Structures are given as C-alpha cells and as structure tokens.
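Reviewing the structure listed below.
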Amino acid sequence: MSIIETHKLTKVFPGGVRAVDSIDFTVEKGEIFGFLGPNGAGKTTTIKILNTLIIATSGSAEVVGYDVARNPAEVRKQIGYVAQDVGVDEHATGRENLTLYGHFYRLDDNTIKKRVREIFDLVDLTGYENRIVKTYSGGMRKRLDLAMGLIHQPKLVFMDEPTTGLDPQTRVHIWEYIRSLAQNFGITIFLTTHYLEEADQLANRIAIIDLGRIVAMGTPTELKKTIGGDVVTLSPCTSDSQSCEKFIQDAQEALMGKQFVLRIQPMSEELAVYVNDAKSATPNIMRILANKSIDVETLSISHPSLDDVFLKYTGRTIRHQAGTATSYTEMARKHERKQS
Amino acid sequence: MTYFALDTWYQIVRHIRTELRIPIWIVVNLSQPVLWLLLFTQIFKSTFAIMEVDYLQHFAPAVVVMTVMFGSVWAGMGMLEDIQMGVLSKMLATPVSRLSIIMSRVIGSMVMLVVQALIIFLIAVIMGLSIASGIGGVLFTIFLIILLGMGFSAFSNGLALVFQRQETLIAVINFISLPVMFLSSAFVPPDFLPRWLQIVRQGNPVEYAVLGIRSLVNDGWIWDNIWKVLLALGLWAIIAITFGMFMFRKQTE
Numbered sequence: 518m519s520i521i522e523t524h525k526l527t528k529v530f531p532g533g534v535r536a537v538d539s540i541d542f543t544v545e546k547g548e549i550f551g552f553l554g555p556n557g558a559g560k561t562t563t564i565k566i567l568n569t570l571i572i573a574t575s576g577s578a579e580v581v582g583y584d585v586a587r588n589p590a591e592v593r594k595q596i597g598y599v600a601q602d603v604g605v606d607e608h609a610t611g612r613e614n615l616t617l618y619g620h621f622y623r624l625d626d627n628t629i630k631k632r633v634r635e636i637f638d639l640v641d642l643t644g645y646e647n648r649i650v651k652t653y654s655g656g657m658r659k660r661l662d663l664a665m666g667l668i669h670q671p672k673l674v675f676m677d678e679p680t681t682g683l684d685p686q687t688r689v690h691i692w693e694y695i696r697s698l699a700q701n702f703g704i705t706i707f708l709t710t711h712y713l714e715e716a717d718q719l720a721n722r723i724a725i726i727d728l729g730r731i732v733a734m735g736t737p738t739e740l741k742k743t744i745g746g747d748v749v750t751l752s753p754c755t756s757d758s759q760s761c762e763k764f765i766q767d768a769q770e771a772l773m774g775k776q777f778v779l780r781i782q783p784m785s786e787e788l789a790v791y792v793n794d795a796k797s798a799t800p801n802i803m804r805i806l807a808n809k810s811i812d813v814e815t816l817s818i819s820h821p822s823l824d825d826v827f828l829k830y831t832g833r834t835i836r837h838q839a840g841t842a843t844s845y846t847e848m849a850r851k852h853e854r855k856q857s
Numbered sequence: 225m226t227y228f229a230l231d232t233w234y235q236i237v238r239h240i241r242t243e244l245r246i247p248i249w250i251v252v253n254l255s256q257p258v259l260w261l262l263l264f265t266q267i268f269k270s271t272f273a274i275m276e277v278d279y280l281q282h283f284a285p286a287v288v289v290m291t292v293m294f295g296s297v298w299a300g301m302g303m304l305e306d307i308q309m310g311v312l313s314k315m316l317a318t319p320v321s322r323l324s325i326i327m328s329r330v331i332g333s334m335v336m337l338v339v340q341a342l343i344i345f346l347i348a349v350i351m352g353l354s355i356a357s358g359i360g361g362v363l364f365t366i367f368l369i370i371l372l373g374m375g376f377s378a379f380s381n382g383l384a385l386v387f388q389r390q391e392t393l394i395a396v397i398n399f400i401s402l403p404v405m406f407l408s409s410a411f412v413p414p415d416f417l418p419r420w421l422q423i424v425r426q427g428n429p430v431e432y433a434v435l436g437i438r439s440l441v442n443d444g445w446i447w448d449n450i451w452k453v454l455l456a457l458g459l460w461a462i463i464a465i466t467f468g469m470f471m472f473r474k475q476t477e
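Chains A and B, in that order, give the protein sequences. Count along the first sequence from 1, add 517, and you get the number used in the numbering used here. Count along the second sequence from 1, add 224, and you get the number used in the numbering used here.
Right, here's the structure in full:
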C-alpha cells in the first residue's frame, strides 16, 4: 500500500524558477525512501509540499491517504517532520521541547509523560531531560530534533538531510536510529540527502532528483546494475615494466571473448575486466590465467557506486556540488537567504 | 477554538519561561523604569517648575507609557529567532493552531510589562504621586497599556515577518520608536507643543495612552476623556493585531 503518491507535482517560485518539475512517484508503507540530489535540486521543496508547508503550483500529492492541498490538517496529525535546521527551542529543556509538541499533537498529560520517557530512552538521551538544550552537543540536538517528530507515533516521518553538518561518527549513530525506526516500529521514512553513502546505507528505494526532475528511480542495487556490472582489476606487474606490458597483453588475449566478460580495458599498469557478477567471475578469471601460466600479483574488486549512477544520469558527480554546511550559524544564514 | 486557546496558553508558558531564564534581563527590565522615573524627574524638575507644572504628576504617566512602548516594540525579535533557528517551520508541520503562534507572543509579552507598570506606580506613589482615580484607576491604566502594548507587540511581530532579518528589524524599530515617543505630549505638556505637533499627535496611539493615564491620575474618572482614549487604543490594538496576523498568514502559507 502506498503512503505517498504524487502526480505531476510542480512548484514554480516567483521569478519563474521551477524548483520541482512535474514529478511522479509513490512511496510504499514501511520503506525508507531516499531522495538523492545535489543542493538546489528540489529536495527540500518537495518535502515542504508533502508536509503542507508550501502549496504546489500544479499537480497533486496524497500523503497518508489525504490530499495535501485540500486536507492539510489531517496530514499534519499523522506525519513527523525533521527539518534540515535543528528546530528545537534552545532556551528550553529537552523535556519541555517534547512536552510542547505532545500538546500540539493533542496528547493527554499522562500519555505525554510516558512517551517522553520512552523516546528519551530510544534516542539515548535519558538523563538529559531537564537540561537546557543550549548545553547539548550538536549530535544530541539532532537526536532531540528526531525525537520531537516521533512523540505522536506518526506513520510517516519526513527527514530533510538528517545528517548534514554532523561529524561522521554522529552520522553513523543517526543512521542506526533511522534504521531502527523503520525496522522496529514500521515507520515509513522519506529522507532527502546529498550524501550518496547515506542513501546507499539507508534507503530501500532511491529517486535521483536533479534540477527539479526525477532522473532515475529504483533500489540501490537496481540503479547500480544500470551502470553495467562490477569491475575486476588485475595487476600482473611487479617492477619490470617490459614484462608488465606483455603480461597485460597476454591476460587480455586469454580473457577476450569469454562468456562472463562484458568488456576489457587495459590501462597503464593494470587490466580492468568488466563483469556482471564479480563473485562468480573472479575464480574463472584466476583459473584461465593460471592455465596460461600468467601470474597475477594483485587483484581488486569494485562494485559500481551510486556516484557512478549519479554521474551516468546527470553527467556530473555529486561530490563537487554537495553543500558543506558545517555549523548551525551557517545553516541559519542559509535559511535566511532562502527566506528573503 | 479550544485548541486555539490551549495552544496559545502552552506557548505563553514557553515564552515567559524563556524570559525568566535570563536573570540579567529581569534585573534590567525591572530597574530600568525606576531609573527613568528618577532620571527624568530630576532632569525636567526645574524646567517644569518654571511652567508651573508638577513634574511628578505629569511625568509618572509618561514613564509608564514609555516603558510599555519600548518594552513591546521589540517583541518581534523572538519571532525572528524562531524563524532563523527553524523552530517556526518545524512547528508549522504540526497540527498547532496557526494564529496561536503569533497571539501567544503578543499576549505573552504583556506579562512583564504589567509588572513593570505596577512597579512604576508603586515607586511614584512613594515619591509622592497622588492618583485621583484610586486603585480602580491603576487597574484601568493596566487595561489601557495592555491595549497599547499588544498593538506594538503585534506590529513588531508583523515587521519581523516582513523583513526576516535582525539588522533590518533593529534599524526599522529604532527609526520608529523614538519619534513616536516625541510626537506626543509625553515629555512636554500639550500647551507647549508647536502647532503641527498638536495635529500629528492626534494620530499617535502613544498620545492617547499618555492622555488617558494622565487624566486618570490627575483628574479622576472623567468619562469624556476616557471613552475617547479607550476607542483610540482599542482601534490601534485591532489594526496592529490584524496586521500581525495578516503578515503571519502571508508568510506561512
């Protein structure tokens, strides 16, 4: 059953910028759906349409069974939102922040008390309930931010770049929480990211978005398959460059035309063999070369990354454009610019 | 409607709690009106003696109004912080009543101002102020300054939503607040003001608050004066709150 369904969803900002350009996708109940793209691709705009913060110019979207434009109140009751900026009240304690949200979601006092205890436990903040948020570290704030989107036990949580600006260790930590939310509580998660690794690690399915359009969609494995298999890189060389060239030539001849080989690419000191599945191909390669008495010095296997996928569909690598927001002030400034 | 009231209440608690957590803020806010009262009466004492005006009777109402005006006109800074920290957009994705977000700020900012106003009256009475309308008059004064202050608070929140930048908001509020104070008879008795100012002050909510409170303190319950003041300040509050709500709606939808 789908929990999000969009139809030709489009947002044109004043001035004519088509931030979201006629996109169609569905998100199934219980999955982690990753929206991957560089900054300015339209990820945040899409999230803000789906969580009722902005209204689409044309097209429609149904979230948890309700049209976002016609019935925003019902949508808000059932979704959680973890924004890119950590939207927690710095001058209040963790408990006060959570309790306020409990009231906003119309929970009674006893339920709020119980949930606050459970949620602090879930995000490992037990013991910090009554500390002012100003004294929290960046990772703790993000965890509280995450918790505030969960107090009403939503069916669906939107996370806009949940780990941007966090250090690598904290990032891995947040990934674990996100994964456990989906696995242990059956919460559907829609997350945007410009980290390929993040999408690869977390998402069951990924949509790659660029310049407001979805350019590719599928499971990480499916997307990588479109690149055309794994690469087995052989290096028969030791130090002698003359014998090296000969080795490469021999190996190329030996492997040419074999059924499991897609393509062979000789390089200066190594040989790249493109295969469908490196796991079954590697023993075959080794056997063939051994029969021809060709000694392989080193061998490495690489799987195509989402980076390659992104490159294929957009003609650019994402790393060059990925935002480098590192501090909250920077994020606030960015936000300010966005608003004005 | 009940949710509007409840949400407003929960957020008023949040705003007041935030204020109370800054001890220096409380100290400054409570001592500032006292300082003004002492300072201004000293400065203008001799000038007013020449004009045969009792400085304390004339000035105490003006200091109350001034405190309320300067206290409420900065209310938008809190809204701005919420916008910049992402607190507001996160809130808007919840079922919270939209209008409660701005109304809680407008109402919440009044609490401290009422306390400040009462302190000024207390000090002034100790200094020798006599209030013709009695305790009832003080309570009515509080009602008038709530109308004035809610107006300026809503106005300030509205401006915060228009500009969404701290520097701009500070500049604009500085630009507005001092002239608004001087374009009234707060500092100088009405008879001594130039002709053009006599006209301009008719459109200034601060002027009505000054006149109303001064009338209650010096002349007692003169309803001819009071209803005019009530009408003007009520109108000001309605217009400013409408402006604030309109800007909030516009920026959040």
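The C-beta atom is built at its ideal place from N, Cα and C for all residues, glycine as well. These numbers were taken from a predicted model, which means no experiment stands behind them.
Check	Outcome
Strand pairing of Thr705(A), partner residues [DSSP]	Leu673(A)
Residue-chain proximity (Ala478(B), chain A), Cβ-Cβ < 8 Å	Only positions 225 to 477 of chain B appear in this structure, which leaves residue 478(B) out of reach.
8 Å Cβ cutoff met for Ala664(A) and Leu615(A)	yes
6 Å CB neighbourhood of Ser333(B) in its chain, flanking five on each side removed	Ser296, Ala299, Ser377
Beta-carbon spacing of Ile540(A), Ile731(A) below 8 Å	yes
Cutoff 8 Å: Met309(B) Cβ touching any chain A Cβ	yes
Residue interval of the beta strand (DSSP E) (run including Met275(B))	Neither: Met275(B) is in no beta strand (DSSP E) and is coded neither H nor E.
Neighbourhood of Val320(B) by C-beta distance below 7 Å, restricted to the same chain and skipping five residues each side	Asp231
Local conformation of Val778(A) per DSSP, three classes	strand
Residue interval of the alpha helix (DSSP H) (run including Thr318(B))	That residue, Thr318(B), is in no alpha helix (DSSP H); it is neither H nor E in DSSP.
Inter-residue Cα distance where the pair is Arg634(A) and Thr628(A)	10 Å
Test: Arg634(A) CB closer than 8 Å to a CB of chain B	no
Contacts around Leu316(B), its chain only, beta-carbon distance under 7 Å, and the 5 residues preceding and following it disregarded	Thr476
Neighbourhood of Gly619(A) by C-beta, 8 Å cutoff - its chain only, sequence neighbours within 5 removed	Thr628, Ile629, Arg632, Val633, Ile668, His669
Which residues DSSP lists as bridging Pro685(A), in chain order	Answer by DSSP bridge pairing: none, since Pro685(A) is not bridged.
Candidates Ser810(A), Asn701(A), Thr750(A), Arg587(A), of which the one nearest Ser785(A) by Cα	Thr750(A)
C-beta neighbour in chain A for Val412(B), strict 8 Å	no
Chain-ordered residues of the region 312-323 of chain B with a beta carbon less than 8 Å from chain A	Leu312, Ser313, Lys314, Met315, Leu316, Ala317, Thr318, Pro319, Val320
Neighbour flag for Gly656(A) against chain B, beta carbons, 8 Å	no
Contact check, Met293(B) vs Val404(B), beta carbons under 8 Å	yes
Cβ-Cβ distance between Lys672(A) and Val581(A) below 8 Å	yes
Close Cβ partners of Thr846(A) (< 6 Å) along its chain, the five nearest in sequence each way excluded	With a pLDDT of 43 at Thr846(A), under the threshold of 50, the modelled position of that residue is not reliable, and the figure given next carries that caveat. The answer is none, since no qualifying residue turns up.
Listed by chain order, chain B residues near Ala609(A) by CB distance under 9 Å	Arg238, Arg241, Thr242, Arg245
Distance between Leu407(B) and Arg419(B) (C-alpha atoms, nearest Å)	12 Å
Cutoff 8 Å: Val580(A) Cβ touching any chain B Cβ	no
Asp569(A) and Ala536(A) closer than 8 Å at C-beta	Sequence check: residue 569(A) is Thr here, not Asp. Against a cut-off of 8 Å, the Cβ pair of Ala536(A) and Thr569(A) comes out as no contact.
N-terminal and C-terminal residue of the beta strand (DSSP E) that Arg648(A) is part of	Premise fails: Arg648(A) is in no beta strand (DSSP E) and is neither H nor E.
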